[in-house]
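Read through the structure below, which is laid out as structure tokens, and then see the notes.
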Amino acid sequence: METTLRGVGVSHGVAIGEVRHMGTAVLEPPAKQIATEDAEREQGRARKAVEAVAADLIARGNLAGGEAQAVLEAQAMMAQDPELMADVDRRVAVGSTAERAVYDAFAAYRELLAGAGEYLAGRVADLDDVRNRIVARLLGVPMPGVPDSDHPYVLVARDLAPADTALLDPTLVLGFVTEEGGPTSHSAILARALGVPAVVALPGAGELAEGTVIAVDGSTGDIFVNPSDEKKAQLEAAAAERKAALAASTGPGATADGHKVPLLANVGGPADVPAAVEAGAEGVGLFRTEFLFLDDSKNAPSEEKQVDAYRQVLEAFPEGRVVVRVLDAGADKPLDFLTPADEPNPALGVRGLRTLLDHPEVLRTQLTALAKASEGLPVYLEVMAPMVADRADAKAFADACRASGLQAKFGAMVEIPSAALRARSVLQEVEFLSLGTNDLAQYTFAADRQVGAVSRLQDPWQPALLDLVALSAEAAKAEGKSCGVCGEAASDPLLACVLTGLGVTSLSMGAASIPYVRGTLAKYTLAQCERAAAAARAAESAEGARNAAQAVLSGE
Ligand code: PEP
Ligand code: MG
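The opening residue of the sequence shown carries number 526 in this note's numbering; numbering runs sequentially from there.
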């Protein structure tokens, strides 16, 4: 029977497909004692699970081929190691359940490997993965990590961390549904980057049964469970209609009366560039360089690797503007070699620019790599720092940029309310501002952007957030400098008009949102956008602000 659930739509479009759950970390099975007469049955269960996992690894290896096949086959061999199996049998014989015996036997083997030289120690992660797979199978819970599926699916997860999502195959993921997260969580950002529909903050998402067919409407936030054929056809037709209307919008971003608002793309690396170019991005407004650091949380990428990635992005926008954000590590993007492990409140701790000022060598390498990457390219390079709190922060960043000899404009992100409140003072040190409305909302409302329960306060339509945007844009205007928005607020077409009315000079967003924003902005004059902005700021709530802006723009 068809049922409807409602979450928060964060990435437009419709996805229809089967549910696959993102497996969570495998929990330690309880150390329960079993009766002697059950030992044989438990040993049989363990053997069956091991065989099934090994067969699955081999089958996936055959499909993948190449290097991946060798790794998966080696994992299958680990699973079936006779010594390990004998240890599992022994543990069951003295009273362990199958899952506990597997868990403990692997732990013993793991210790051996970890102390047996660099090569074998490097196999520990593979061994853990094999153990997790066998234990998950025995417990009847989803396999940990990204689902193993050869068919496209809708990914359902509690939330998605950047490290998880780096492993996703974008050709298989039709859409996302998450239980946690808000409009600015990483699941939402990633969904927009991939251009797949997404709904977040859906209570009970974890209870959707694996394999159930759902239709996700990323525009309205509706999830139709077991949709009828009629519903599917209706949703697909509406999505196709929206897409066709968008395809008609091209060219640079501007209001109906020609006030230019460059529409730029948010990218995480070279892989996101083709979609940005295809969407007609006029450049990059936010290059989140931390994605280059996520492959290996223990070491920074080499200067050469960075030069290569930066150059690929810079080359894609000849004569365009590319704004590179230096590493934003910490809080929801921790890196082992930089982020303190014992912070009681990481979002309020050493993150962003604070981390880089503590590790100037990391910042130096990034700036040097950028200087080398941009050499001889006809691109307008701009570099900005995340999490600038005050003028001293802005000065420290600008000094580091100058010392590196980099030819670029230096800017500050406004993500902390103090920077918005004293924007003119920050602008004494840097040449532009870029509003990171995701963190700005998080810190203005004391509402963690990863927590679904407070997503109401992450709504970028909150009038208090609009006030801080207005303060920053007015300060930049007074100083004759630019002030863009690169947070997710820019990707909401109606809000993009309001931001323009508040005086923001460019909008940067996931590539998939650009046509929607371009099309909507082109419908209204600057004066209408200004009236909508004033009406939104006069409201008392996010919903009130949205309704007020809508009423002005639709001429009600
Ligand atoms: C922001 O905070 O708005 C922003 C653009 O940075 P990130 O989402 O990467 O923290
Ligand atoms: Mg931020």
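Every residue gets a Cβ at the ideal spot worked out from N, C-alpha and C, and that includes glycine.
- For aspartate 964, same chain residues with a beta-carbon under 6 Å away, outside a window of 5 residues either side, are Glu940 in chain order.
- When secondary structure is reduced to three states using DSSP, glutamate 704 falls in the coil class, being assigned neither helix nor strand.
- With a beta-carbon spacing of about 18 Å, leucine 652 and leucine 664 fall beyond the 8 Å limit used to define contacts.
- The C-beta of aspartate 1017 has 16 or more other C-beta atoms within 10 Å across all chains shown, which makes the residue buried.
- When DSSP assignments are scanned along the region 645 to 687, the uninterrupted stretches of beta strand (DSSP E) that are 3 or more residues long and fall wholly within it turn out to be 678 to 682.
- DSSP places lysine 858 in the strand class (E or B) of the three-state scheme.
- By the neighbour-count criterion, in which a residue is buried when 16 or more other Cβ atoms sit within 10 angstroms of its Cβ, threonine 880 is buried.
- Exclusion of aspartate 684 from the 6 Å shell around the ligand PEP follows from its C-beta lying no nearer than that to any non-hydrogen atom of the ligand.
- A direct Cα-Cα distance of roughly 9 Å separates alanine 1058 from glycine 1028.
- Here the region 951 to 963 makes contact with the region 928 to 936; the two share three or more CB pairs at distances below 8 Å.
- Under a 10 Å Cβ-count criterion, lysine 858 is classified as buried, with 16 or more other Cβ atoms of the shown protein chains found around its own Cβ.
- With the rule of 3 Cβ pairs closer than 8 Å, the region 1040 to 1060 does not count as touching the region 816 to 832.
- For alanine 921, DSSP assigns no beta-bridge partner whatsoever.
- Within the region 806 to 863, the runs of beta strand (DSSP E) at least 3 residues long that lie entirely inside it are, in chain order, 808 to 813 and 846 to 850.
- Boundaries of the alpha helix (DSSP H) around isoleucine 714: 711 to 719.
- With contacts defined by Cβ atoms closer than 7 Å, alanine 998 and cysteine 1008 form a contacting pair.
- For cysteine 1008, the uninterrupted beta strand (DSSP E) segment begins and ends at 1007 to 1010.
- Contiguous alpha helix (DSSP H) elements confined to the region 1046 to 1070 occur at 1051 to 1063, taking only those with 4 or more residues.
- Inclusion of threonine 622 and glutamate 567 in the CB contact set at 7 Å is warranted, their separation being smaller than that value.
- Burial check for alanine 773: the Cβ neighbour count within 10 Å stays below 16, so the residue is exposed.
- Leucine 1020 and alanine 630 have their alpha carbons spaced roughly 56 Å apart.
- In the three-state reduction of the DSSP assignment, isoleucine 559 falls in the coil class.
- With contacts defined as CB atoms closer than 7 Å, glycine 706 and glycine 977 qualify as a contacting pair.
- The C-beta distance from alanine 925 to proline 988 rounds to 36 Å, too long to fall under 8 Å, and the pair is not in contact.
- Distances taken from the Cβ of asparagine 963 to the heavy atoms of the ligand MG include one shorter than 6 Å.
- Distance check between alanine 601 and each of Ala584, Asn791, Met668 and Asp612 places Ala584 closest, using alpha-carbon atoms only.
- Between the C-alpha atoms of leucine 990 and alanine 1076 there is a straight-line separation of about 20 Å.
- According to the DSSP assignment, lysine 785 belongs to no alpha helix (DSSP H), since it is labelled neither H nor E.
- According to the DSSP assignment, valine 544 belongs to the beta strand (DSSP E) that extends over 539 to 546.
- Just so you know, the alpha carbons of glycine 783 and threonine 1050 end up roughly 8 Å apart.
- The continuous stretches of beta strand (DSSP E) do not include valine 617, which lies in the alpha helix (DSSP H) extending over residues 607 to 618.
- By the beta-carbon neighbour count (other beta carbons within 10 angstroms, threshold 16), alanine 801 is buried.
- Here the alpha carbons of valine 627 and alanine 948 stand approximately 58 Å from one another.
- Pairing valine 671 with alanine 730 gives a Cβ-Cβ distance that is not under 7 Å.
- Distance from the CA atom of alanine 723 to the CA atom of leucine 685, rounded to whole angstroms, is 12 Å.
- The count of Cβ pairs closer than 8 Å, one atom from the region 733 to 748 and one from the region 550 to 565, stays below three, leaving the stretches out of contact.
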